[in-house]
Every structure is written in C-alpha cells, then in structure tokens.
Amino acid sequence: MSKISVIIPNYNHAPYLKERIDSVLNQTFQDFEVIILDDKSTDNSREIIEQYRNHPKISHIIYNEVNSGSTFKQWNKGIELAKSEWIWIAESDDTAEPTLLETLVSGAEKKQETVLAYCQSNRMDSSGTITGDWLNHTQNHKRNFFEDFYENGKEFIVQDLIHRNVIPNASAVILKKEAFLKAEKTDEDIRYNSDWLLWMKILLFGNVYFSTQKLNNFRYHNKSVIASSSKNEALPFKRKYDIVMMER
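In this text, residue positions in the sequence shown follow my numbering: the first is 835, and each later residue adds one.
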C-alpha cells in the first residue's frame, strides 16, 4: 500500500491539466497512487487524461456520466477510493514544486499526532506566471507565518481558522484519511467554503504542521474556486462549525 493517495478532481481544466498531472508524477517522494476524477468536462480534458491511462502510478480514472455540480462531492468520492494513510487533493488547475510531498510527509511524520500538514503557496496567474505569494492572506494574524510550526489542532482553530481560512488552497495540504473519516467527510451542501469547515473538523482529532516553503502554485483565474468563495465568506457555514464543536 502506498503512503499517499493523490486525488486530482477535474472539471474543464484542460489548459492546465497536463502540467498538473506531470507536477504530481514528478515528485521527489514517489510512494503514492493517483486517482483522476473527471466531472463530465465539456472540453478536451478526457483526451489529455487518457494519455496517462497506462501509467503505473495511476490507480483509477473515473469519468462522471452526469456533472455532480460540486468539487466537494468529487473529494469524497476520491477519498472513498483511496488506499493510503495520507491524502493529497491536487486541484486540477494548480501545480506543485517537486519537493512538496517530500517536505510535507517528512514534517508531518516527525510528530505522530499530526493529522494535517500544509505549506505556503505561490500566487500563479492563468498563464502560469508566479505573481507573488499568499503571505498577505495572513498578515493581520498574530501568528508568525514566516516560521514553520506545529500546533495543537484545537488551538489552531481558535487562534486562526475560526477567524479566517488561513489554509486557502487544498493543493497545499496533505491530510490523514483516518481523521477525514472521523470528521464525517466533506459537507457537500456547502458550495464554496466546505474546505474551510473540513480543516476545522479534521483538526479536532490532531495537530497541524505548517511549512513556510512555497511549494504549491495556486492558480488564480476567473473560474477558480477562490474567485467565487472570496465573495461568499459570510455564508452560514459557520453555523455548521458551531454545531460540530458543540457535538464534540
């Protein structure tokens, strides 16, 4: 069994898809399987995906017959198929530096109780040009995001996550499948901010590791999830967080 299951959920990201898949396959840490899920794309994504059909790292390629309407449904579907201890949801329009997995796995496994590890991200435009980073996303927080850290999960929620989603991109994250299942998966009925809620639910069961290395390239374009979610941060998902915390 591999150490990590990499899930690539795709919908109409053909212009970015080959670069994404190659950035996964070219990781320095190679103990992984890859699960590619296509949510009935209407572009030429399928043609690109089929080029990897016989690659030894690809364990599943699944095409939806009907569009699910939710990337979070695809997350749940992929993790159900995953065979590994750790999960990396590698969004199909992002890319990664070759040492992302090596760095996060090494950091996470230094402390057994770690259930989520993530790194700093570069900001990348639609053409693939690095235009900056995401340090300004956390500049108003008391925590020093210029240093690596381990933190108790519940403390991290109270001090950071409840105020702002300081983990803005799933492609920068690896998480333990066991903690994901304890968290009762991703809420599929929250359209934009279900990742934010998921980080909080997972971190009820363990600790977080953060690396300052900019190993994730988070693509920002008009169709990206962050472009929509940034307009909807006041959605009532926080009510779900309150309910989750009361139940713990």
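For every residue, glycine included, the Cβ atom is placed at its ideal position computed from N, Cα and C.
Predicted model only: the values in this text are computed from it and were never measured.
Counting only the Cα atoms, Ile-1024 lies some 20 Å from Ala-1013. Classified as buried, Gln-954 has 16 or more neighbouring CB atoms from the shown chains inside 10 Å of its CB. Annotation note: the region 917 to 944 contains the following uninterrupted beta strand (DSSP E) runs of length 3 or greater, listed N- to C-terminal: 920 to 923.
Between Ile-1036 and Ala-1006, the gap from beta carbon to beta carbon reaches 8 Å or more. Residues Phe-863, Asp-865, Phe-866, Glu-867, Ser-918, Glu-919, Trp-920, Ile-921, Trp-922, Leu-935, Val-939, Ile-1008 of the same chain have their beta carbon placed closer than 8 Å to that of Ile-838, with the five preceding and five following residues left out of the count. Ranked by Cα distance from Asn-910, the options Ser-1028, Val-1042, Asn-1041, Lys-1019 are led by Lys-1019.
When the beta-carbon positions are compared, Ala-924 and Ile-842 come within less than 8 Å of each other. The DSSP-derived three-state label of Arg-957 is strand.
For the pair Tyr-845 and Arg-1053, the CB atoms are not nearer than the 8 Å cut-off. Tyr-952 is bridged by DSSP to Val-1007, Phe-1044. The shortest CA-to-CA distance from Tyr-897 to any of Thr-905, Val-1042, Asp-873, Trp-1030 is the one to Asp-873. By the neighbour-count criterion, in which 16 or more other beta carbons inside 10 Å mark a residue as buried, Arg-957 falls on the buried side.
In this structure Glu-1022 touches Ser-904 by the C-beta definition: roughly 6 Å separates them, less than 8 Å. Out of Ile-869, Asp-856, Asn-901, Ala-951, the CA that lies nearest to the CA of Thr-876 is found in Asn-901.
In the structure shown, Phe-1052 adopts extended strand secondary structure according to DSSP, grouped into three states.
The criterion of a C-beta distance shorter than 8 Å is satisfied by Arg-854 and Asp-928. Note that the C-beta distance between Pro-1002 and His-971 is below 8 Å. If you draw a straight line from the Cα of Leu-950 to the Cα of Lys-1011, it comes to about 10 Å. Annotation: Leu-995 to Trp-1033 spans about 8 Å, alpha carbon to alpha carbon. Boundaries cannot be given for Ile-996, as no alpha helix (DSSP H) includes it and DSSP labels it neither H nor E.
The three-state secondary structure of Gly-987, taken from DSSP, is helix.
Within its own chain, the residues whose Cβ lies closer than 7 Å to the Cβ of Ile-895, once the five positions on either side in sequence are excluded, are Ile-870, Ile-883, Arg-887, listed in chain order.
Less than 8 Å separates the beta-carbon of Tyr-984 from that of Asn-1041.
For Asp-967, the enclosing beta strand (DSSP E) covers residues 964 to 967.
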